[in-house]
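Peer 1:
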Amino acid sequence: MFPLTLYFTDQQVKWNAAQLWNNIPAYYCADEGVMESQFTELTAQLQLPPISALPSIDERQEDLFCAPSLKSADKLTGEEQIALISLAEILLHLPDQNSINRFIEEKLTAANGQPFLERNSTAIQHTYTWKQAIQQQRITESIQAHSIFSRLAERFDYPFIRTTLSDTVTRLRKRFIFSDSIRQISELSENHAYSLHLLTEGVVTAEAARTTLNRYLDAIKALSAQKSHCRVNPSLSVKLSALHPRFAPLKAPAVIEEVTQKLLHLLILARTENIPITLEAEESCHVDLTLKVFENLLHSDLCCGWGGLGVTVQAYSKRALPILGWLNFLAQELQTDIPVRLVKGGYLDTEITRARQQGLADYPVYTRTEITDLSYLICAAYLLQDQCPRLLPQFASHNSNALDQIVTMAEQSTKPIELQRQQGLGEPLFAQRQNTNSAVTQRVCIIIGTQAQLPSHLYRLLHNNLSVAPTSVSVNETTEAKASAGISAAAVMIDTQSQRQQLLNKIDAFRDQQWQAAPLINGEPVRSQPPETRFSPFNLSLQTGELFPSTPDDVREAYAVTRAGFTDWNRVALSERVTIIRRFANLLEQHREELIALCIRETGKPLRDAIDEIREAVELCRLYAAQALSRLSPQQLPPIAGEKQTLHYNGRGIFVCISPWNFPLAIGIGQVVAALLAGNSVIAKPANSTPLIAYRATQLLLDAGVARDAIALLPGSSESINASLLKDFRLSGISFTGSNQSAASITRLLAQREQPQPVPLITETSGLTVMIADYTALPEQIVRDAIEAAYSGTGQRGSALRVLYLPEETAEQMESMLTGAIMTLKTGNPAEPDTDLGPVIDNHALQALHGHIEHSRIHGRLIYEGELNAQHDSGYFVAPTLIRLLSIDELSEEHFGPILHIIRYQSDNLTRVLEEINRTSYGLSLSVMSQDNQTIDQIRNLIRPASIAIRRNQSAVHTHGQRFASRGLSGTGPKAGSPDYLMGFTQETICSSDIDDSI
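Residues -13 to 985 in our numbering are what the sequence shown lists, from first letter to last.
What follows is the structure, given as structure tokens:
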């Protein structure tokens, strides 16, 4: 990692392309404190204001939502206007004009108005408009939005309020969107330079990507027709992620090639018409792809020497300055000018959430506004220095303080600059600078799009240029991040080419590895039976290893050893047991690449899913270790009758842990670790399909220091050993995860035990995870979340989405989008990084799923089934499938695979839908996709699932951030990862003694 200060010295000219490129990922998640220290050096070197001198608020910032005077503004007080604009700001986040009109008509009536406004008063007060009004002292912090609306309703009737609000929404939209038609750019003033931006967020299908490309081609033609009337050539901004529905790191080789070809097609016309093209900003995970596509294009004959292809750099990225250094080398090597648009950055909340979910050591972006502002100035100084003669700086900002600094720096530079602003914003600021410096080119960014595309753009705009937006991590968020730091697994970073290749090389070292599994008793393998050859479910000719199955004799021996071992293990100090489990978590990380390879080979999990499984296993170990210290330590109870009461927790004895095949490491390890931490000895019985992972994990447990007689492993067929295992008188408890059928079988066997003493049974069983979407939800978000929830893990997660309820009025569009999104999924060899879906676990699962699909086909319910070919004949592959149901009652069981069921419903029949879901008797999880808080409240109050996710899919979970609960047919609970999970493995002892203890 080269220090940033060297980018401002002659040293940078000595670096080659590889060194400069490799320094970009080196700063991907650099420590923010280290970055601040480097910035402190740079501010002194460049004579920039220190961080402490940068204002946190731009006092001259204009009102983003101050639309032209409201309809009937002369009748409204200032507070009433602010309240109406704030509510209109919220409505701009709805998916289309029809949904806005419907929302206003339904909510703002004499009967519904007051309850709606009281429920949403807090949301209104969290809008940008409201915060800006408080900052400008136009309203007080103590005032409540619903009280203003109450007074408004007393003075006017609701038809007046509805009409005024509708007009306000329309006026605000015009502030952000010039037109929904490219043709109307002919109406633009001839006195400005323009950059055309097409709103293209949320491309999830190949058809949508093709449409976007055609829109860009049309835009170039329209700009060409208009350029003769402009003083400076108009330009076009292009968003690469809108040209491919799977613009993602693991799809890198194919995506880079396909997007490059599309851009070359676009650039033929752009170069012919001399319309400059600038690649728009992307999320951090897309930056590597963007730069690779840009490099390919710049090396083409079309772009070499042109100077019309530019790129956007986000100053809040910790890679911003290294990216500029690499661009400078590229420009000079190819003797080609590169326009560089510098923006603040518009995905902060997304970046923070994603970094936490991945367990990154730090964030890829700056989390403090003042550091981002300083980064912007440092990047501006770099662009303006003489050592970058071919980088053409374009500064896009509405921040008056930043613009003042940049104009001052530009006056001391020989390079021309361009200032950019969005239509309707920054006009006074830019007019002032035009008057003071006529050499500065000013360009207005014109937005073309519809209401359906506005929400994402509006969100980004708030984060990009405006100081009132939530552009800093709050104290609570920082505290939460620190608290989870001791639990999170080390991140596996795959967003950049170099990171990905390093990981793949380490995994590839185990390509020919053969693993073995056998009963492990007293730390030693028992090989009393002939071995069974194990094959990969994605390639039935690919041997993974051998299993020496367990016998009833092994069961008896395991009980004898672990019964003797229980007493000593239960006496081991809690702190020592915690230390051992934390050591085990570290060993899992040290052997991560081997475990990923084994997960892929034995279960058929694609790379991303295998990575997540190891992470979850590590995090469960650390979570339970932390919980054990806080929950299982002796607790002092209130004294009774002069006696001191101390509550102690001990192990119950021998716990049998029966784990599933779909999460053989995470769930299997979670059960075993929880039992061990509570002081129990353990007999682990892994699923017959996945014994190799269980054996390797148990070896690591022993390496970590778990007593040899405290744990035994009995891999093999349940039919051959379950009766012996579950009827034994020494059994003290069972933890089971699997199907309801298996749970019922276990219950029957327990009932046949001769010993009358009951044993605790902790079960996690099946579920029918449901997502309910309404007309206020954004279609692209529904599709993205539904696809991830239904098909990640090949649909073999307990939390996988099984049923999606869609409102009748949008169902046709949504089914079409879902079908298009499914077409982009790749089913195949999980060892290939770009695979989305691997095989199902075995032939029994294959036949059951194919039977359900065929039944749906016969009855005309099959909406779409993906294509399979001859290469899929080698394994247990099921294509991603979409099926229509009339009612959830048609599902008599969970179909554990890549099948999503769609049910249409009438919006006014939501109560019936909730009653229908409750009838299933499952109680696992539910997702609600809605922007209507009253609808969310109704669902939350009436539904019975134990875990509800609002505006996200239920599968988007990381262990210590979200826990599942369960009830009914979904298990006894408490669920893995919950605060009470460990308690089910303990028994309590209360010790009473005199308060005045004798010596």
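For glycine and all other residues, C-beta sits at the position ideal for the given N, C-alpha and C.
Fair warning: this is a prediction, and the values are worked out from it, not measured in the lab.
What number of angstroms, rounded off, separates the C-alpha of H944 from the C-alpha of R594?
Peer 2: In the sequence shown, counting from the first residue as 1, residue 944 sits at position 958. In the sequence shown, counting from the first residue as 1, residue 594 sits at position 608. Note that H944 scores 46 on pLDDT, short of 50, meaning its location in the model is unreliable and no value can be drawn from it.
Peer 1: From D714 to L526, what does the alpha carbon distance come to, in whole angstroms?
Peer 2: Position 728 of the sequence shown holds residue 714. Position 540 of the sequence shown holds residue 526. Whole-angstrom Cα-Cα distance: 37 Å.
Peer 1: Taking F882 as the reference, give the member of V245, W1, S778 with the closest Cα.
Peer 2: Here residue 882 refers to the residue found at position 896 of the sequence shown. Among V245, W1, S778, the Cα nearest to that of F882 belongs to S778.
Peer 1: So Q502 is in the beta strand (DSSP E); what residue range does that whole segment cover?
Peer 2: Reading the sequence shown from its first residue, position 516 is the one you call residue 502. From DSSP, the beta strand (DSSP E) with Q502 extends over 501 to 503.
Peer 1: Given V454, which residues of its chain have a CB within under 7 Å of its CB, disregarding the five upstream and five downstream residues?
Peer 2: Residue numbering aside, residue 454 sits at position 468 when the sequence shown is read from its first letter. Unreliable positioning characterises V454 in this predicted model, as indicated by a pLDDT of 38, which lies under 50. The coordinate reading is nonetheless provided below. Taken in chain order, the residues that qualify are Y114, K117, Q118, Q121.
Peer 1: For T156, does the three-state DSSP call read helix, strand or coil?
Peer 2: Locating residue 156 in the sequence shown gives position 170, where the first residue counts as 1. Three-state DSSP puts T156 in a helix.
Peer 1: Just to confirm the assignment, what range does the beta strand (DSSP E) spanning I697 have?
Peer 2: Numbered from 1 along the sequence shown, position 711 holds the residue referred to as residue 697. Unbroken beta strand (DSSP E) run through I697: 697 to 699.
Peer 1: Please confirm whether Y362 and A396 have their CB atoms less than 8 Å apart.
Peer 2: The count along the sequence shown starts at 1 and reaches residue 362 at position 376. The count along the sequence shown starts at 1 and reaches residue 396 at position 410. Their beta carbons are not under 8 Å apart, which means Y362 does not touch A396 by this criterion.
Peer 1: State the DSSP-derived secondary structure class of C607, mapped to helix, strand or coil.
Peer 2: Working through the sequence shown from its first residue, we reach residue 607 at position 621. In the structure shown, C607 sits in a helix (DSSP, three-state: H, G or I).
Peer 1: Report, in whole angstroms, the separation of the C-beta atoms of V642 and L711, which I expect to be a contact under 8 Å.
Peer 2: As a working note, residue 642 is residue 656 in the sequence shown. As a working note, residue 711 is residue 725 in the sequence shown. Right, the Cβ-Cβ distance comes to about 6 Å (below 8 Å), so this counts as a contact.
Peer 1: How would you label E268, buried or exposed, when you count the other beta carbons within 10 angstroms and need 16 or more for buried?
Peer 2: Stepping through the sequence shown from its first residue, residue 268 is reached at position 282. So E268 counts as buried.
Peer 1: Could you spell out where the alpha helix (DSSP H) holding T805 opens and where it closes?
Peer 2: Residue mapping note: residue 805 aligns to position 819 of the sequence shown, counting from 1. From DSSP, the alpha helix (DSSP H) with T805 extends over 794 to 809.
Peer 1: Decide yes or no for the touch test of the stretch 535 to 549 against the stretch 649 to 659: beta carbon pairs closer than 8 Å, at least 3 of them.
Peer 2: Cβ pair count under 8 Å is below three, so no.
Peer 1: In three-state terms, what does DSSP make of K961?
Peer 2: Residue mapping note: residue 961 aligns to position 975 of the sequence shown, counting from 1. Three-state result, K961: coil.
Peer 1: With 16 other CB atoms within 10 Å as the buried threshold, where does T457 fall?
Peer 2: As a working mapping, residue 457 is identified with position 471 in the sequence shown. Here T457 scores only 40 on pLDDT, less than 50, and its place in the model should not be relied on; the value that follows carries that caveat. By the neighbour-count rule (16 or more Cβ atoms within 10 Å), T457 is buried.
Peer 1: Give me whichever residues DSSP pairs with K330 in a beta bridge.
Peer 2: The residue you call residue 330 lines up with position 344 of the sequence shown. Partner(s): none; K330 has no beta bridge.
Peer 1: In its own chain, which residues sit with a C-beta less than 6 Å from the C-beta of V461, not counting the 5 before and 5 after it?
Peer 2: Here residue 461 is taken as the residue at index 475 of the sequence shown, counted from 1. Low per-residue confidence applies at V461: pLDDT is 37, beneath 50, and the placement is therefore not dependable, though the value from the model is reported in the following sentence. Nothing listed; no residue qualifies.
Peer 1: For L735, which residues from the same chain have a beta carbon less than 8 Å from its beta carbon, with the 5 sequence-adjacent residues on both sides left out?
Peer 2: In the sequence shown, the residue the question calls residue 735 occupies position 749. Correct list, in chain order: N708, A709, L712, K713.
Peer 1: N260: buried (16+ other C-beta within 10 angstroms of its C-beta) or exposed?
Peer 2: Locating residue 260 in the sequence shown gives position 274, counting from the first residue. Exposed is the call here.
Peer 1: Closest to R930 by C-alpha separation, out of I936, Y908, L236, N939, would be which residue?
Peer 2: Taking the first residue of the sequence shown as position 1, residue 930 is located at position 944. Cα-wise, what sits closest to R930 is Y908.
Peer 1: What are the residues that DSSP puts in a beta bridge with K671?
Peer 2: Within the sequence shown, residue 671 is the residue found at index 685, counting from 1. Answer is I644.
Peer 1: With a threshold of 16 other CB atoms inside 10 Å of the CB of V769, please say whether the residue is buried or exposed.
Peer 2: Along the sequence shown, one-based indexing puts residue 769 at 783. Per the 10 Å Cβ criterion, buried.
Peer 1: Under a Cβ-count criterion, where at least 16 other Cβ atoms within 10 Å of its own Cβ denotes burial, should C977 be classed as buried or exposed?
Peer 2: The residue given as residue 977 occupies position 991 in the sequence shown. So C977 counts as exposed.
Peer 1: Are the beta-carbon atoms of R937 and M915 separated by less than 8 Å?
Peer 2: The sequence position of residue 937 within the sequence shown is 951, counting from 1. The sequence position of residue 915 within the sequence shown is 929, counting from 1. Yes. Within cutoff.
Peer 1: Do you know how far the Cα of G784 is from the Cα of S675?
Peer 2: As a position in the sequence shown, residue 675 is number 689, starting the count at 1. As a position in the sequence shown, residue 784 is number 798, starting the count at 1. About 17 Å.
Peer 1: Just to confirm the assignment, what range does the alpha helix (DSSP H) spanning N726 have?
Peer 2: In the sequence shown, counting from the first residue as 1, residue 726 sits at position 740. Segment 726 to 737, the alpha helix (DSSP H) holding N726.
Peer 1: How many Å lie between A301 and L313 at the Cα?
Peer 2: Within the sequence shown, numbered from 1, the residue matching residue 301 stands at position 315. Within the sequence shown, numbered from 1, the residue matching residue 313 stands at position 327. Near 15 Å, if we compare the C-alpha coordinates of L313 and A301.
Peer 1: With a threshold of 16 other CB atoms inside 10 Å of the CB of H838, please say whether the residue is buried or exposed.
Peer 2: What you label residue 838 is simply residue 852 of the sequence shown in a count that begins at 1. Its Cβ being crowded by 16 or more others within 10 Å, H838 is buried.
Peer 1: Compute the beta-carbon to beta-carbon distance between L174 and A205, rounded to the nearest angstrom, for a pair I have assumed lies under 8 Å.
Peer 2: Counted from its first residue, the sequence shown places residue 174 at position 188. Counted from its first residue, the sequence shown places residue 205 at position 219. Wrong, their Cβ atoms sit about 13 Å apart, outside the cutoff.
Peer 1: Using only the alpha-carbon positions, how far apart do Q622 and D894 sit?
Peer 2: Counting from one through the sequence shown, the residue named residue 622 turns up at place 636. Counting from one through the sequence shown, the residue named residue 894 turns up at place 908. Roughly 54 Å between the two C-alpha positions.
Peer 1: Quick check on N314: does DSSP put it in helix, strand or coil?
Peer 2: Reading the sequence shown from its first residue, position 328 is the one you call residue 314. It is helical.
Peer 1: Out of curiosity, what's the CA-to-CA distance linking L811 and T150?
Peer 2: As a first step, residue 811 is located in the sequence shown; it is residue number 825 there, counting from the start. As a first step, residue 150 is located in the sequence shown; it is residue number 164 there, counting from the start. Looking at the two C-alpha atoms, the distance is approximately 46 Å.
Peer 1: Since V299 and L328 are thought to touch, with beta carbons under 8 Å apart, how far apart are those beta carbons, to the nearest angstrom?
Peer 2: Residue mapping note: residue 299 aligns to position 313 of the sequence shown, counting from 1. Residue mapping note: residue 328 aligns to position 342 of the sequence shown, counting from 1. That belief holds up - the Cβ atoms of V299 and L328 are roughly 6 Å apart, short of 8 Å.
Peer 1: Mind checking which residues open and close the alpha helix (DSSP H) that includes N636?
Peer 2: Counting from 1 along the sequence shown, the entry for residue 636 is found at position 650. Careful: N636 lies outside any alpha helix (DSSP H), inside the beta strand (DSSP E) at 629 to 637.
Peer 1: Is it right to say A469 is buried, meaning 16 or more other beta carbons lie within 10 angstroms of its own, or is it exposed?
Peer 2: Here residue 469 corresponds to residue number 483 of the sequence shown, with the count starting at 1. Because the pLDDT at A469 is just 48, under 50, the model does not fix this residue reliably, and the value given afterwards should be weighed accordingly. By the neighbour-count rule (16 or more Cβ atoms within 10 Å), A469 is not buried but exposed.
Peer 1: At a cut of 8 Å, does the stretch 154 to 169 reach the stretch 131 to 141 through at least three beta carbon pairs?
Peer 2: No contact exists between the stretch 154 to 169 and the stretch 131 to 141.
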